[in-house]
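Student:
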Amino acid sequence: MPDAIIAGHLCLDIIPDLASHAAGGLASIVQPGKLVDIGAAKVSTGGAVSNTGLALHRLGIETRLLAKVGADEFGRTVKQIVADHAPALADGISVSAETSTSYSIILNPPGIDRCILHHPGSNDDFTSADVRDEDVRDARLFHFGYPPLMAHMFADNGAELAELFRRVKNLGLTTSLDMALPDPNSAAGRANWKVILQNTLLHTDIFLPSLDEILYMLGKDTQAPLTPELLHEVSDELLAMGAKIIVIKLGERGLYMRVAPADVLQGLGKTRPTYLTAWGNYEAWQPCFQVDVAGTTGSGDATIAGFLSALLRDMSPAKTVQSALAVGACSVEAADALSGIRPWGETLNRIRAGWKQKEEPLAFAARL
């Protein structure tokens, strides 16, 4: 029986080695008419299903993956890569002859944020019908990732997404949702994300967007200075929409969490913490751990995997946030999304051994 179901966006990632261009960054690589020497490419799976799902598997959580690929060479490669982690993990990846497999080309020079060229492919054909009740009912937690990169999930004000979360929530699972930043000039960028969130967060227990994503989706100033007041204002709005645990990824500035009152947490489902009084009304902003960054691909997904893993293990809210940051920090020590992920016990031992976190970005009370 799986503890966690990870569904949504899955693709093939092609990651060229750009270490020789660290000094010049992307500007020294992408030049029309120029042949640029680069290193060998790493081919791996990407997207929330791969990055979060396989990270959870590495962290010792029994996990089932639900996604769709095309009946093409990229699709066969995706299924083989996933099966190499554990054969049963590929069982929930359906194959459709009506579409092509999604893929990304990731330009990720050391020391700077990545640029991604992405083809949505089969992810655009994924619907709520691709998640059957019998696939999820025995699990404790359901996590869905990247609906802005999946056309059916944001169409009609997110009707498919909201229906999927309503159905899974009614099965008693704890529901969790991650986002991706849409291209403002795309159909996803023109969608009414505030309405989509209002429709979906009614059935969502845990919401884990990045700050850029949620400011864009709520129609707020994406250039606003990062302050405790801004985080509190945003989380106020999301809690009012129905989410119970808000986790906002802040990149190199760390992780912010805001939790609803303890009586609201009674409705969390199968992953409800034992000590609700410790979780109720909790609010904190923790800084990142100190690491040498090799690449940021999948770091947000790894952070989510650390958070969900700690929650499934019934850890305290402070330790849950700390564990999420630790797994995310391990992730960025490798160029790809998964190579840096360590076993759960090893990750915790690294924290216990005195792994230093950066200085607190801004003063913030642990509980307001």
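Under my numbering, the letters of the sequence shown match residues 20 to 387, in that order. Note that CB positions come from ideal geometry on N, CA and C, so glycine has one too. Treat the numbers as computed from the prediction; the structure is a model and nothing was measured.
For chain D, find out if any of its Cβ atoms is closer than 8 Å to the Cβ of R151; answer yes or no.
Tutor: The structure shown has no chain D; it contains just one protein chain.
Student: Taking 8 Å as the cut-off, decide whether the C-beta atoms of D197 and I24 are in contact.
Tutor: Taking the sequence shown and counting its residues from 1, the one referred to as residue 197 is at position 178. Taking the sequence shown and counting its residues from 1, the one referred to as residue 24 is at position 5. It is not a contact, given that the beta carbons lie outside the stated cut-off.
Student: Is D311 closer than 8 Å to E352 when the C-beta atoms are compared?
Tutor: The sequence position of residue 352 within the sequence shown is 333, counting from 1. The sequence position of residue 311 within the sequence shown is 292, counting from 1. Going by C-beta atoms, E352 is nearer than 8 Å to D311.
Student: Check for me: the beta strand (DSSP E) holding E352 runs from which residue to which?
Tutor: Within the sequence shown, numbered from 1, the residue matching residue 352 stands at position 333. Element bounds for E352: n/a, residue is neither H nor E.
Student: Once you ignore the five residues that flank D22 on each side, which residues in its own chain have a CB closer than 8 Å to its CB?
Tutor: Locating residue 22 in the sequence shown gives position 3, counting from the first residue. Around D22: I80, E81, T82, A158, R159, L160, L331.
Student: With respect to the beta strand (DSSP E) encompassing F184, which residues constitute its N-terminal and C-terminal limits?
Tutor: As a first step, residue 184 must be located in the sequence shown, where it is residue number 165. Run containing F184: none in the beta strand (DSSP E); it sits in the alpha helix (DSSP H), 170-189.
Student: So what does DSSP say about R133, is it helix, strand or coil?
Tutor: Position 114 of the sequence shown holds residue 133. It is coil, neither helix nor strand.
Student: Closer than 7 Å by C-beta to E271: which residues in its own chain qualify, once you throw out the five before and the five after it? Chain order, please.
Tutor: Locating residue 271 in the sequence shown gives position 252, counting from the first residue. Excluding sequence neighbours, E271 sits near C307.
Student: Within 10 angstroms of its Cβ, does G254 collect 16 or more other Cβ (buried), or is it exposed?
Tutor: Translated into the one-based positions of the sequence shown, residue 254 becomes position 235. Per the sequence shown, residue 254 should be read as Ser rather than Gly. Answer is buried; the Cβ neighbour count reaches 16.
Student: Short of 7 Å in beta carbon distance, which residues of its chain neighbour G94, apart from the five on each side in sequence? Order them along the chain.
Tutor: For the purposes of this step, residue 94 is identified with residue 75 of the sequence shown, where counting begins at 1. Taken in chain order, the residues that qualify are V88, V114, T120.
Student: Considering only C-alpha positions, which residue in the set Y235, T193, A343, D224 is nearest to D202?
Tutor: Taking the first residue of the sequence shown as position 1, residue 202 is located at position 183. Ranking Y235, T193, A343, D224 by Cα distance to D202 puts Y235 first.
Student: Write down every uninterrupted run of the alpha helix (DSSP H) in the region 62-98 whose length is 4 residues or greater and which is fully enclosed by it, in chain order.
Tutor: Segments of the alpha helix (DSSP H) lying fully in the region 62-98: 67-77.
Student: Could you spell out the range, first to last residue, of the alpha helix (DSSP H) harbouring V253?
Tutor: Here residue 253 corresponds to residue number 234 of the sequence shown, with the count starting at 1. Its alpha helix (DSSP H) spans residues 247-260.
Student: So, is P228 buried or exposed, given that buried needs 16 or more other C-beta atoms within 10 angstroms?
Tutor: If you number the sequence shown from 1, residue 228 lands on position 209. It counts as buried.
Student: Using the Cα positions of L257 and L220, report the straight-line distance between them to the nearest angstrom.
Tutor: Sequence index remark: in the sequence shown, residue 257 carries index 238 (1-based). Sequence index remark: in the sequence shown, residue 220 carries index 201 (1-based). In a straight line, the C-alpha of L257 is about 8 Å away from that of L220.
Student: Nearest CA to the CA of F173: which residue from V340, L249, F145?
Tutor: On the sequence shown, residue 173 is found 154 positions in, with the first residue counted as 1. Minimum Cα distance to F173 is reached at F145.
Student: Pick helix, strand or coil for H162, following the three-state DSSP scheme.
Tutor: Your numbering for residue 162 matches position 143 in the sequence shown. H162: strand per DSSP, three-state reduction.
Student: Alpha carbon to alpha carbon, how far is S39 from T193? Give it in angstroms, no decimals.
Tutor: For the purposes of this step, residue 193 is identified with residue 174 of the sequence shown, where counting begins at 1. For the purposes of this step, residue 39 is identified with residue 20 of the sequence shown, where counting begins at 1. Cα to Cα, the separation comes out at about 45 Å.
Student: Would you mind reading off the limits of the alpha helix (DSSP H) that contains M236?
Tutor: Within the sequence shown, numbered from 1, the residue matching residue 236 stands at position 217. 230-236 is the extent of the alpha helix (DSSP H) around M236.
Student: Count the CB pairs spanning the region 94-106 and the region 64-77 that are closer than 8 Å, and state whether there are at least three.
Tutor: The answer is yes - the region 64-77 touches the region 94-106, with three or more Cβ pairs under 8 Å.
Student: To the nearest angstrom, how far is the alpha carbon of V214 from that of L190?
Tutor: The sequence position of residue 214 within the sequence shown is 195, counting from 1. The sequence position of residue 190 within the sequence shown is 171, counting from 1. Roughly 24 Å separates the two Cα atoms.
Student: Within the same chain, show all residues whose beta-carbon is closer than 7 Å to that of V28, passing over the 5 residues directly before and after it, in chain order.
Tutor: To locate residue 28, count along the sequence shown from 1; it is residue 9. At residue 28 the sequence reads His, which differs from the Val that was named. G66, A67, V68, N142, G164, Y165, L168, M169.
Student: Comparing alpha-carbon positions, which option in D152, A105, T315, M20 lies nearest G347?
Tutor: Within the sequence shown, numbered from 1, the residue matching residue 347 stands at position 328. The candidate whose alpha carbon is nearest that of G347 is T315.
Student: Please list, in chain order, all residues of the same chain as A116 whose beta carbon is under 7 Å from its beta carbon, the five residues on each side excluded.
Tutor: Translated into positions along the sequence shown, residue 116 becomes position 97. The answer, listed in chain order, is A90.
Student: What is the DSSP secondary structure of A104, counted as helix, strand or coil?
Tutor: Locating residue 104 in the sequence shown gives position 85, counting from the first residue. First, the amino acid is wrong: residue 104 is His here, not Ala. Three-state result, H104: helix.
Student: Mind checking whether I265 and L230 have CB atoms under 8 Å apart?
Tutor: Counting from one through the sequence shown, the residue named residue 265 turns up at place 246. Counting from one through the sequence shown, the residue named residue 230 turns up at place 211. No, these two residues do not count as a Cβ contact at 8 Å.
Student: Looking only at its chain, what residues have a beta carbon closer than 6 Å to the beta carbon of I370, apart from the 5 residues adjacent to it on each side?
Tutor: Here residue 370 refers to the residue found at position 351 when the sequence shown is read from its first residue. These residues qualify, in order along the chain: A345.
Student: Could you spell out where the alpha helix (DSSP H) holding I366 opens and where it closes?
Tutor: On the sequence shown, residue 366 is found 347 positions in, with the first residue counted as 1. In the sequence on display, residue 366 carries Thr and not Ile. That run of the alpha helix (DSSP H) goes 363-371.
Student: Which residues in the same chain as D32 place their Cβ atom closer than 6 Å to its Cβ, once the five residues preceding and following it in sequence are excluded?
Tutor: For the purposes of this step, residue 32 is taken as the residue at position 13 of the sequence shown. Answer for D32: S63, G65, S123, I125, listed in chain order.
Student: So what does M276 bridge to, in DSSP terms?
Tutor: Numbered from 1 along the sequence shown, position 257 holds the residue referred to as residue 276. DSSP, once it has assigned bridges, lists V266, A303 as partnering M276.
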